[in-house]
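Listed in order, the protein sequences are those of chains L and E. Per our numbering, the first sequence starts with residue 556, numbered consecutively. Per our numbering, the second sequence starts with residue 0, numbered consecutively. Note that the Cβ used here is the ideal one computed from N, Cα and C, for glycine as well. Working notes, beginning with the structure itself.
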Amino acid sequence: LKTDAHCNLARRPLVAPLVSVALAMLASSCKKDDPTGTAPAVTSAAAASVDRAPLKVAFTYVGPVGDAGWTFAHDRARKTAAEKYGAAKVTTTFVESVPESADAERVFRDLVDQGHQLIFGTTFGYMEAMLKVAKEFEDVRFEHATGYKRSKNLRTYDSRTYEGAYLAGIVAGSVTKSNVLGVVASIPIPEVIRNIDSFTLGAQSQKPEVTTKVVWINRWFDPPKEGEAAQALLNQGADVLLQNTDSSAVLQTAEKAGKLAFGWDSDMSKFGPNAHLASAVINWAPYYEKAIGEALDGTWTTGQTWWGVKEGAIDLVSLSDKIPEPARAKVADVKAGLAAGTYDIWKGPVVDQAGKTVLEPGAVATDEFLLGINFYVKGVEGSLPTSK
Amino acid sequence: MDTLSLLLAASIDAGTAIALASLGLLLNERSGIVNLGAEGMLLVAAIAGFATVVHTHDNFAGFVAGAAAGAALAAIFGVLVIWLNTNQYATGLAASLFGTGVSAFVGVPYTQESLGEHPASAIPGLSEVPWIGPALFRHHPIVIFTALLAVGLSWWLSRARSGLVLRGVGESPETAHALGYPVRRIRLACVVAGGGLCGLAGAYTSIIYTPLWVEGMTAGKGWIALALTTFATWRPLRALAGAYLFGGVTMLQLHLQGEGVNVPSQLLAMLPYVATILVLVFISRNPALVRANMPASIGKPFYPGA
Numbered sequence: 556l557k558t559d560a561h562c563n564l565a566r567r568p569l570v571a572p573l574v575s576v577a578l579a580m581l582a583s584s585c586k587k588d589d590p591t592g593t594a595p596a597v598t599s600a601a602a603a604s605v606d607r608a609p610l611k612v613a614f615t616y617v618g619p620v621g622d623a624g625w626t627f628a629h630d631r632a633r634k635t636a637a638e639k640y641g642a643a644k645v646t647t648t649f650v651e652s653v654p655e656s657a658d659a660e661r662v663f664r665d666l667v668d669q670g671h672q673l674i675f676g677t678t679f680g681y682m683e684a685m686l687k688v689a690k691e692f693e694d695v696r697f698e699h700a701t702g703y704k705r706s707k708n709l710r711t712y713d714s715r716t717y718e719g720a721y722l723a724g725i726v727a728g729s730v731t732k733s734n735v736l737g738v739v740a741s742i743p744i745p746e747v748i749r750n751i752d753s754f755t756l757g758a759q760s761q762k763p764e765v766t767t768k769v770v771w772i773n774r775w776f777d778p779p780k781e782g783e784a785a786q787a788l789l790n791q792g793a794d795v796l797l798q799n800t801d802s803s804a805v806l807q808t809a810e811k812a813g814k815l816a817f818g819w820d821s822d823m824s825k826f827g828p829n830a831h832l833a834s835a836v837i838n839w840a841p842y843y844e845k846a847i848g849e850a851l852d853g854t855w856t857t858g859q860t861w862w863g864v865k866e867g868a869i870d871l872v873s874l875s876d877k878i879p880e881p882a883r884a885k886v887a888d889v890k891a892g893l894a895a896g897t898y899d900i901w902k903g904p905v906v907d908q909a910g911k912t913v914l915e916p917g918a919v920a921t922d923e924f925l926l927g928i929n930f931y932v933k934g935v936e937g938s939l940p941t942s943k
Numbered sequence: 000m001d002t003l004s005l006l007l008a009a010s011i012d013a014g015t016a017i018a019l020a021s022l023g024l025l026l027n028e029r030s031g032i033v034n035l036g037a038e039g040m041l042l043v044a045a046i047a048g049f050a051t052v053v054h055t056h057d058n059f060a061g062f063v064a065g066a067a068a069g070a071a072l073a074a075i076f077g078v079l080v081i082w083l084n085t086n087q088y089a090t091g092l093a094a095s096l097f098g099t100g101v102s103a104f105v106g107v108p109y110t111q112e113s114l115g116e117h118p119a120s121a122i123p124g125l126s127e128v129p130w131i132g133p134a135l136f137r138h139h140p141i142v143i144f145t146a147l148l149a150v151g152l153s154w155w156l157s158r159a160r161s162g163l164v165l166r167g168v169g170e171s172p173e174t175a176h177a178l179g180y181p182v183r184r185i186r187l188a189c190v191v192a193g194g195g196l197c198g199l200a201g202a203y204t205s206i207i208y209t210p211l212w213v214e215g216m217t218a219g220k221g222w223i224a225l226a227l228t229t230f231a232t233w234r235p236l237r238a239l240a241g242a243y244l245f246g247g248v249t250m251l252q253l254h255l256q257g258e259g260v261n262v263p264s265q266l267l268a269m270l271p272y273v274a275t276i277l278v279l280v281f282i283s284r285n286p287a288l289v290r291a292n293m294p295a296s297i298g299k300p301f302y303p304g305a
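So, in structure tokens, the structure goes:
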């Protein structure tokens, strides 16, 4: 009855004997080459020139690509970026369902071995593995999404998902009747806590008395658990749900129960025609185009990037008819303000759960402040799980 | 009060897949066959049911397809262990690995596909009773069916002639054979029926409970059902209660988090397993009772000629 491992969907092989099978699958069947044109390898060999060979770019995903969610958003951007440069210049490969464990390191090493020159890791849990492999292969460039550890050939990038959460919060605050919102949260890291807080702040900008309940499931992708957590929140009176997990299960649970919810990371309107209020989406394509472009022309250097509405990386799309007109106008205003750089979501006074002022009136949060958020704002219920 | 009623309803929904699978395995084991392939049957049925609903938009067809897929995998297992006398444990493990792999492979194009809308189901009249209605009578028919099935099986195994014959086959296949009962065919029927019930459990998981297909989505429910069968000392009503208890603690730990209870969520996530084991160990603490209920020929091959 060693069930914990079984629950860890798609992240860890099911049982010990399966490890080798899973690894073999990672190496072969899960991996799909996706050249956007015809046989680039042959032409490059004929050209007999190293710098004319297409740049080999690899992406590693934590879940299956599927039809929606975090990994789907990354993969769509991969395709867009690959199309922009064409198969003669760039070939892209992806490996899906790579667990956030020692297996990740093997996958990265394998990708280097196959001659990839630019490798993207798209989940927080790859951080140590990428750091280690990047140190070993200094001529390969690594890009890590949502991480904070860098080296001279490992840089980090992220999107300001909290802007999407805030916009969703405005909508949630305008439609909630019970004044209780629910968030199905994944793993207690600043990114997720920041999203819960921003969602709550957005809702409170419409209705100050709104509170948010949170359930942590300690997984990024576990649809049955996501659904159960959503059900628990609905049972406790929450009538609008947001999830910081990767599947559409929360939205579908809201649909079944006749309540409201959002899509996250990609447009999920088709999963809950009645429940869907809007989708907070991430568009990674501008960043992937930039990164590949820099690798192609040799201007790639380490650093960090954090893009949001302003750079076209974050948006709130597919707004439902259920959203009242004033809230729509407010969403449009905030979006315009964020794009122009004139609107600040995290602007004082901001008070934390315990009543302590964390941002003085008028003060605007710096990126450093935002990256380190480790507290719930006033109105979020429960206590924060202690993370490492 | 209202919250408690909803919590009870959610617990029953959460426990139903395990209950169905557990009842199927119980039927298997009462006839003397242990099928460790439960997880594989659940997964094969989950993708078969899901894919059928995607193409036909008919939930009923999905359940039929799921049950058929579970039964088919069970039939292969049954022929191997009953006629060819392969080792039941090894064959079951192989069936489990096979089912897990095949479902993942077949399921790739269906990953995160949408099933569209689901009408809510409720029993007219009874579902309007305050408190009890929302807790017990606003479920999908398969949930109600599972509870009735446990009661029916319990009666059948202890009262009906055919049920007693089945138990006889499990207790002493040689005696049943000498009395002229077709031991192998009876065992195969039980294995196939058990596979069908595991199939229903899988289809319920992917069509109703979490209307999605994801690789490995049954998350070990088959293994839990296997353990539950033993801990419930092969009694249908105890298996049903154990499954609901598991569902209850699963929902309770999420509920406590929503209430803001300050306990590490990782610890809470462990609770369903711990609680179910503790309670069932307590129930089955008397070894004589367990032995008395345990089918005597379980796991042992049967050679009619010998």
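Contacts that residue i makes with chain E (C-beta to C-beta distance below 9 angstroms)
{"i": "L:Lys732", "result": "Under the 9 angstroms cutoff, chain E gives no residues; its nearest Cβ is about 16 angstroms from L:Lys732."}
Beta-carbon neighbours of residue i, restricted to chain L and to distances below 7 angstroms
{"i": "E:Pro210", "result": "Gln807"}
{"i": "E:Gln87", "result": "Per Cβ cutoff of 7 angstroms: no residues; E:Gln87 is ~18 angstroms from chain L at best."}
{"i": "E:Leu6", "result": "Asn790"}
{"i": "E:His54", "result": "Per Cβ cutoff of 7 angstroms: no residues; E:His54 is ~16 angstroms from chain L at best."}
{"i": "E:Asn261", "result": "Ser938"}
{"i": "E:Thr2", "result": "Asn790 and Gln791"}
{"i": "E:Val33", "result": "The contacting residues do not exist; E:Val33 stays about 15 angstroms from chain L at best."}
Whole-Å CB distance - residue i paired with residue j, under 8 angstroms assumed
{"i": "E:Gly201", "j": "E:Thr217", "result": "6 angstroms"}
{"i": "E:Thr249", "j": "E:Pro263", "result": "Incorrect: roughly 17 angstroms between the Cβ atoms, too far for contact."}
{"i": "E:Ser21", "j": "E:Thr228", "result": "5 angstroms"}
{"i": "L:Leu673", "j": "L:Lys644", "result": "That pair is no contact at about 12 angstroms."}
{"i": "L:Asp752", "j": "L:Tyr931", "result": "6 angstroms"}
{"i": "L:Val913", "j": "L:Lys890", "result": "The pair is not a contact, with the Cβ atoms about 25 angstroms apart (cut-off 8 angstroms)."}
{"i": "L:Ala657", "j": "L:Thr678", "result": "About 15 angstroms; that fails the 8 angstroms criterion."}
{"i": "L:Gly702", "j": "L:Thr615", "result": "Going by Cβ atoms, the distance from L:Gly702 to L:Thr615 rounds to 13 angstroms, so no, they are not a contact pair."}
{"i": "E:Ala231", "j": "E:Ala224", "result": "Actually they do not touch by this definition, with Cβ atoms about 10 angstroms apart."}
{"i": "L:Lys768", "j": "L:Ala793", "result": "6 angstroms"}
{"i": "E:Gly77", "j": "E:Val191", "result": "6 angstroms"}
{"i": "E:Tyr243", "j": "E:Gly14", "result": "4 angstroms"}
{"i": "L:His671", "j": "L:Thr648", "result": "7 angstroms"}
{"i": "E:His176", "j": "E:Pro303", "result": "5 angstroms"}
Proximity to residue i [Cα-Cα], best of the options
{"i": "E:Leu79", "options": "E:Leu187, E:Gly106, E:Pro294 and E:Gly198", "result": "E:Leu187"}
{"i": "L:Lys1027", "options": "L:Ser729, L:Lys611 and L:Thr860", "result": "Since the first and last residues shown for chain L are 556 and 943, residue 1027 of chain L lies out of range."}
{"i": "L:Val653", "options": "L:Val913, L:Pro904, L:Gly680 and L:Pro916", "result": "L:Gly680"}
{"i": "L:Asn773", "options": "E:Gln265, E:Ile282 and E:Leu25", "result": "E:Gln265"}
{"i": "L:Phe754", "options": "L:Ile742, L:Asn799 and L:Glu781", "result": "L:Asn799"}
{"i": "L:Asp870", "options": "L:Gly927, L:Arg749 and L:Glu718", "result": "L:Glu718"}
{"i": "L:Ala720", "options": "L:Asp876, L:Ala689 and L:Arg749", "result": "L:Arg749"}
{"i": "L:Leu756", "options": "L:Phe776, L:Thr646 and L:Gly724", "result": "L:Gly724"}
{"i": "E:Asn84", "options": "E:Ala70, E:Ile32 and E:Leu114", "result": "E:Ile32"}
{"i": "L:Thr626", "options": "L:Val662, L:Val650, L:Leu709 and L:Pro841", "result": "L:Val650"}
{"i": "E:Glu173", "options": "E:Ala74, E:Leu114, E:Pro133 and E:Pro300", "result": "E:Pro300"}
{"i": "E:Ala67", "options": "E:Ala47, E:Tyr302, E:Ala175 and E:Val280", "result": "E:Ala47"}
{"i": "E:Leu114", "options": "E:Phe49, E:Leu178 and E:Ile143", "result": "E:Phe49"}
{"i": "L:Glu683", "options": "L:Leu709, L:Glu693 and L:Asp694", "result": "L:Leu709"}
Residue i: contacting residues in chain E (beta-carbon distance under 8 angstroms)
{"i": "L:Trp819", "result": "Neighbours of L:Trp819 on chain E: none; closest Cβ ~13 angstroms, over 8 angstroms."}
{"i": "L:Gln798", "result": "Simply none; closest approach about 13 angstroms."}
Per-residue contacts from residue i into chain E (C-beta, under 7 angstroms)
{"i": "L:Glu783", "result": "Ala13, Thr249, Met250 and Leu253"}
{"i": "L:Phe826", "result": "Ser113"}
Cross-chain neighbours of residue i in chain L, by beta carbon under 9 angstroms
{"i": "E:Glu258", "result": "Lys768, Gln791, Glu936 and Gly937"}
Within chain L, partners of residue i - CB distance below 8 angstroms
{"i": "E:Ala9", "result": "Glu783, Gln786, Ala787 and Asn790"}
Using a Cβ-Cβ cut-off of less than 8 angstroms, list which residues of the segment 651–680 of chain L approach chain E; keep chain order. Listed in sequence order: Ser652.
Complete runs of the beta strand (DSSP E) confined to the segment 826–914 of chain L [at least 3 residues]: Whole beta strand (DSSP E) segments, 3+ residues: 831–837, 859–862, 869–872 and 912–914.
Entirely enclosed alpha helix (DSSP H) segments - the segment 68–118 of chain E, minimum 4 residues: The segment 68–118 of chain E contains these whole alpha helix (DSSP H) runs: 87–106.
Could you name each continuous alpha helix (DSSP H) segment of 4 residues or more that falls completely within the segment 767–820 of chain L, going from the start of the chain to the end? Within the segment 767–820 of chain L, the complete alpha helix (DSSP H) runs of at least 4 residues fall at 778–790 and 804–812.
Name the residues in the segment 215–233 of chain E whose C-beta lies less than 7 angstroms from a C-beta of chain L; which are they? When CB distances to chain L are screened at a threshold of 7 angstroms, the residues of the segment 215–233 of chain E falling below it are Gly215, Met216, Ala218, Gly219, Trp222, Ile223 and Ala226, in chain order.
Using a Cβ-Cβ cut-off of less than 9 angstroms, list which residues of the segment 761–781 of chain L approach chain E; keep chain order. Against chain E - using a Cβ distance shorter than 9 angstroms - the residues of the segment 761–781 of chain L are Lys768, Val769, Val770, Trp771, Ile772, Asn773, Phe776, Asp777, Pro778, Pro779, Lys780 and Glu781.
Note down, one range per segment and in chain order, each beta strand (DSSP E) of at least 3 residues found wholly within the segment 701–778 of chain L. Counting whole runs of 3 or more residues, the segment 701–778 of chain L contains the beta strand (DSSP E) stretches 709–714, 735–740 and 766–771.
Under 7 angstroms (Cβ pairs) to chain E, residues found in the segment 824–854 of chain L: Per Cβ criterion, the list reads Lys825, Phe826 and Pro828.
Anything in the segment 260–286 of chain E with a Cβ closer than 8 angstroms to a Cβ of chain L? List those residues in chain order, please. Listed by position along the chain: Val260, Asn261, Pro263, Ser264, Gln265, Ala268, Met269, Tyr272 and Ile276.
4 or more residues per run - each alpha helix (DSSP H) lying fully within the segment 230–301 of chain E: Taken in chain order, the unbroken stretches of alpha helix (DSSP H) that lie wholly in the segment 230–301 of chain E and span 4 residues or more are 235–257, 264–282 and 286–292.
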